[in-house]
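Note that the protein sequences, when read in sequence, are chains V and A.
Under this note's numbering, the final residue of the first sequence carries the number 113; numbering is consecutive throughout.
Under this note's numbering, the final residue of the second sequence carries the number 112; numbering is consecutive throughout.
Ideal Cβ placement from N, Cα and C applies to all residues, glycine included.
Because the structure is a prediction, the values reported are computed rather than measured.
Working notes, structure below.
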Amino acid sequence: EAGVAQSPRYKIIEKRQSVAFWCNPISGHATLYWYQQILGQGPKLLIQFQNNGVVDDSQLPKDRFSAERLKGVDSTLKIQPAKLEDSAVYLCASSLIVNTEAFFGQGTRLTVV
Amino acid sequence: SQQGEEDPQALSIQEGENATMNCSYKTSINNLQWYRQNSGRGLVHLILIRSNEREKHSGRLRVTLDTSKKSSSLLITASRAADTASYFCATDIQTGANNLFFGTGTRLTVIP
């Protein structure tokens with residue numbers, strides 16, 4: 001079974017530039033999560049989708065972050081414009097249904113300079 | 001804000017010893033999960049315990065849950081160097097969204 005795919009693995013951008021991350025969850029998984037993990041901290045939930053609908057985006061900085069999950073499969077997370085404090089690993093995860101184990105991708109390490 | 005908080009923040013033990021990590025959380029949960037994160041790799045699910053369960057085993061892992069104290073513990077028996085990683089608890093809190101919130105993590109080092 002293929003795991004959660006994320007791209008790119010690494011990205012370096014200058015502040016005020018924009019960046020997009022892509023996630024392909026495990027086939028058939030209805031729930032998709034995006035997390036931000038700053039070095040030395042636990043993952044922070046940014047947004048959760050159930051199929052193509054947003055379940056929770058209360059911790060998403062909506063003035064600069066946006067996310068979508070078209071057709072309830074792939075998802076993209078965008079930052080525009082980026083700030084230095086956005087430097088982190090962005091993790092995508094999926095689960096078959098809520099209340100079950102989540103499978104994580106390898107993450108995208110973003111460095112904003 | 002983080003829902004869970006692990007204790008200790010860091011733990012160093014000799015190979016073969018047991019390692020115990022604790023997690024405390026703030027609000028009522030549906031279930032609690034433990035994940036491992038090796039350096040430079042993604043998070044891997046270890047075990048899930050539901051709110052109506054008190055103890056669960058998986059190989060060398062033993063998890064307990066005390067909902068009255070809002071706490072859980074993860075015990076790794078007969079530790080190996082390969083167990084060196086960060087361990088996180090994640091709670092599925094009882095809100096309408098069924099969010100999965102992670103704690104701050106325990107960094108475990110197993111010395112060969």
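With fewer than 16 other Cβ atoms inside 10 Å of its own Cβ, Tyr10 of chain V counts as exposed. Pro25 of chain V sits buried, since 16 or more C-beta atoms from the chains shown fall within 10 Å of its C-beta. Listed along chain V, no residue sits closer than 9 angstroms to Arg62 of chain A by beta-carbon distance, the nearest being about 18 angstroms off.
With contacts defined by Cβ atoms closer than 7 angstroms, Gly105 of chain V and Val19 of chain V do not form a contacting pair. Here the region 67–81 of chain V makes no contact with the region 4–14 of chain A; the two share fewer than three CB pairs at distances below 8 angstroms. When DSSP states are grouped into helix, strand and coil, Gly72 of chain V belongs to the helix group. Within chain A, Asn99, Leu100 have C-beta atoms less than 9 angstroms from the C-beta of Tyr33 of chain V, given in sequence order. Residues Gln36, Gln37, Ile38, Leu110 of the same chain have their beta carbon placed closer than 7 angstroms to that of Ala88 of chain V, with the five preceding and five following residues left out of the count. Proximity of His57 of chain A to chain V, defined by a Cβ-Cβ separation below 7 angstroms, is not satisfied.
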